[in-house]
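Read through the structure below, which is laid out as structure tokens, and then see the notes.
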Amino acid sequence: TSTDEAIAVKKTPTALVTTKTTTVTTSRGWRNVFSLPISYDVNMVAQGTLLDPANPQLLEATGVHPEGYNRRFAAIDSEVDKLYGDKIRAYFTARNIDLHTIVLAGGEPDKRPAAVDKLLDKMCEYKLRRREPFLAIGGGVLLDIAGMAACLYRRGVPFVRVPTTLLALVDASVGVKNGVDYCCDLTHETYKNRVGSFYAPSACLLDNSFIATQDARNISNGFGEILKLALVRSADLFELLEAHGSNLIDSRFAPHPAVPEGVSDRIIDLSIQIMLEELGPNLWEYKLERCVDYGHTFSKLLEMVPGADIMHGEAVNVDGFFCCVLSNLRGYLERDTVQRVFECMQKLNLPTHSLDLKSKLAWQSCKDAIEHRNG
2 TSTDEAIAVK KTPTALVTTK TTTVTTSRGW RNVFSLPISY DVNMVAQGTL
52 LDPANPQLLE ATGVHPEGYN RRFAAIDSEV DKLYGDKIRA YFTARNIDLH
102 TIVLAGGEPD KRPAAVDKLL DKMCEYKLRR REPFLAIGGG VLLDIAGMAA
152 CLYRRGVPFV RVPTTLLALV DASVGVKNGV DYCCDLTHET YKNRVGSFYA
202 PSACLLDNSF IATQDARNIS NGFGEILKLA LVRSADLFEL LEAHGSNLID
252 SRFAPHPAVP EGVSDRIIDL SIQIMLEELG PNLWEYKLER CVDYGHTFSK
302 LLEMVPGADI MHGEAVNVDG FFCCVLSNLR GYLERDTVQR VFECMQKLNL
352 PTHSLDLKSK LAWQSCKDAI EHRNG
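Numbering (our numbering), first residue to last: 2 to 376.
Put into structure tokens, the structure is as follows:
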């Protein structure tokens, strides 16, 4: 047996990327151990400017192409298309770019392999080039579908995430996971995010102004994931939500007389920073004990109950509060702490219980969590 190591250093405009390759050779074969460098930018865009033709960021994110290559491809959430479709197309028209689009429904029932196939069909029709980034503009479901398609098409093409909901801004847009729900013909059950991939975007462009066209429930839904991060990582973030969350729901993250300047940006920046700090060292989830999985033990099955009127962030919150109560009963949390968490959740208009969270579902969730977390 012999071991060879090779170290390659590549200089980029912003960093040095070091790649170490270890090859272990035996008399019967080879063991190859490769480290994969991952680099992508998550950029905050000046609020309300992303679709301004004077701002080149959106076009620049789609890559550098030969002169005369004046077309681009985008997958757009159907609700986003109703609200911003004309503005998106006008942006590219103003820059002499022919934009080809596919509009996909972005609800949880639409998060299926069939949606990925539909996008792949359109990419084939468009003849997307191997190194041509396409745009994914929408909420978390659309970004998941696009990420799956990007991973599969030609074994991987670049894509740019443009999240348009508060939930997607702080959650789906910043990591490398993509997934769709899977309907199993053998068990006759639907499994949330059971089919997926780890595949990084080439870039993420975040413009908070999209939140202005969300309704109050969807903004509260986004706060479900933000509060989760606050509870496991940041007293500072929790105190900001306690003090200002309710007013930010009312104002849709626009300036509010009762909210000091910079608070809304601080909440989003903290949330993204915490998420990246948690995900970065464990992108491929080799370590399965993850604090960001708080709120994701019972919520997955709760969301999949047929006919259930519950959104992702709401289900995460019900799960998280149930875990707070369990922790209190086991002596890990003081009652005063649980009460403070409960009052914050109420301020954010988040549900703390569900009639669907019964003992059978809770037990099935625990068994599913054991499988998912490998025991």
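We put the CB at the ideal spot given by N, CA and C, even for glycine.
Can you give me the Cβ contacts of residue i inside the same chain, cut-off strictly under 8 Å, excluding the 5 residues immediately before and after it?
| i | result |
| --- | --- |
| Q347 | T353 |
| A62 | P134, L136, V161, S203, A204 and L206 |
| E262 | P256 |
| R291 | E279 and N283 |
| Q365 | L302 |
| L120 | A76, I103, L105, I146, A147 and A150 |
| L330 | none |
| R336 | N329 |
| L362 | F299, L302, L303 and V306 |
| L84 | T214 |
Out of the options, point me to the one whose CA is closest to residue i's CA.
| i | options | result |
| --- | --- | --- |
| L238 | I269, P258, K123 and L351 | I269 |
| S40 | Q340, P159 and L60 | P159 |
| G77 | D186, G246 and I103 | Here residue 77 turns out to be Ile, not Gly, going by the sequence shown. It is I103 whose Cα lies nearest to the Cα of I77. |
| L101 | M45, Y92 and G107 | Leu is not the amino acid found at residue 101; the sequence shown has His there. Minimum Cα distance to H101 is reached at Y92. |
| V181 | P114, N209 and C125 | P114 |
| A370 | T214, G332 and R195 | R195 |
| T94 | E80, L121, C125 and D53 | D53 |
| S210 | T298, G108 and V81 | V81 |
| H1 | L230, K112 and D208 | Because the chain here runs from 2 to 376, residue 1 falls outside it and cannot be looked at. |
| R267 | E240, W285 and E279 | E240 |
| A323 | G308, V306, Y295 and A309 | Note that residue 323 is Phe in the sequence shown here, rather than Ala. Minimum Cα distance to F323 is reached at Y295. |
| K112 | C184, Y287, E190 and W285 | C184 |
| D251 | A213, E6, R90 and Y85 | A213 |
| V306 | G49, G86, E109 and P57 | E109 |
| S198 | T23, E286, M124 and K119 | E286 |
| R132 | V163, K83 and V65 | V65 |
| G1 | E126, M124, G139 and G49 | Nothing in the structure corresponds to residue 1, since the chain is present only between 2 and 376. |
| Y192 | A9, E372 and D5 | E372 |
| S3 | P57, R29 and A9 | R29 |
| Q58 | V163, Y127, T188 and L187 | V163 |
Between which residues of its own chain and residue i is the CB-CB distance below 6 Å, once the five residues before and five after are set aside?
| i | result |
| --- | --- |
| S300 | A316, V317 and D320 |
| I98 | N71 and R73 |
| D208 | V46 and L51 |
| G49 | S210 |
| A309 | D357 |
| D5 | T24 |
| K123 | I103 |
Excluding the 5 residues preceding and the 5 following residue i in the sequence, name in chain order all residues of the same chain whose CB lies nearer than 7 Å to its CB.
| i | result |
| --- | --- |
| T226 | Residue identity check: residue 226 is Glu in the sequence provided, not Thr. Within the same chain, E226 has close Cβ partners L168, V171, D172, G314 and V317. |
| I311 | L303, E304 and S355 |
| I273 | V43, V171 and V175 |
| S328 | L334 |
| R96 | P54 and L60 |
| L143 | A76, D78, L105, G107 and A137 |
| K88 | L52 |
| C325 | L334, V339 and V342 |
| L129 | F74, F135, Y154 and V158 |
| Q215 | T166, L167 and R253 |
| S235 | L271 and I275 |
| K368 | none |
| Y127 | F74 and H101 |
Under the assumption that residue i contacts residue j (Cβ atoms under 8 Å), give the Cβ distance between them as a whole number of angstroms.
| i | j | result |
| --- | --- | --- |
| M149 | V117 | 5 Å |
| Y200 | A151 | 6 Å |
| N248 | V260 | 5 Å |
| N179 | L289 | Contact doesn't hold; Cβ gap of about 19 Å is too wide. |
| L349 | G246 | 5 Å |
| F254 | L351 | At roughly 17 Å, the Cβ-Cβ gap does not stay under 8 Å, so F254 and L351 are not in contact. |
| E190 | C345 | Actually they are not in contact, since the Cβ atoms of E190 and C345 sit about 34 Å apart, beyond 8 Å. |
| M276 | V264 | In fact, because the Cβ distance is near 19 Å, the residues do not count as touching under 8 Å. |
Could you tell me if the beta carbon of residue i falls within a distance shorter than 7 Å of some heavy atom in the ligand MG?
| i | result |
| --- | --- |
| S174 | The model on display carries no ligand, and the ligand MG is accordingly not part of it. |
message = Would you call the stretch 211–225 in contact with the stretch 162–170, where contact means no fewer than 3 C-beta pairs closer than 8 Å?
response = Judged by Cβ distances under 8 Å, the stretch 211–225 makes contact with the stretch 162–170, as three or more pairs qualify.
task = Write down every uninterrupted run of the beta strand (DSSP E) in the stretch 153–216 whose length is 3 residues or greater and which is fully enclosed by it, in chain order.
result = Within the stretch 153–216, the complete beta strand (DSSP E) runs of at least 3 residues are 160–164, 178–184, 191–199 and 204–207.
query = Which runs of the alpha helix (DSSP H) spanning at least 4 residues fall entirely within the stretch 26–103, listed in chain order?
reply = Runs found: 58–62 and 79–95.
task = Could you say if the stretch 65–73 and the stretch 20–34 meet the contact criterion of at least three C-beta pairs nearer than 8 Å?
result = Pairwise C-beta distances place the stretch 65–73 out of contact with the stretch 20–34, as fewer than three of them are shorter than 8 Å.
ask   = Along the chain, which unbroken stretches of the beta strand (DSSP E) at least 3 residues long are found entirely within the stretch 250–303?
value = As summarised for the stretch 250–303, there are no continuous beta strand (DSSP E) elements at least 3 residues long confined to that stretch.
inquiry  = Which runs of the beta strand (DSSP E) at least 3 residues long sit entirely within the stretch 302–336? Give them in chain order.
reply    = Fully enclosed beta strand (DSSP E) runs of no fewer than 3 residues are not present anywhere in the stretch 302–336.
key: Runs of beta strand (DSSP E) wholly within the stretch 98–135 (minimum 3 residues, chain order)   = Counting only runs of 3 or more residues that sit fully inside the stretch 98–135, the beta strand (DSSP E) segments are 99–105, in chain order.
task = Only counting runs of 4 or more residues, tell me where the alpha helix (DSSP H) segments fall wholly within the stretch 333–367, in order along the chain.
result = Restricting attention to alpha helix (DSSP H) runs no shorter than 4 residues, the stretch 333–367 encloses them at 336–348, ordered along the chain.
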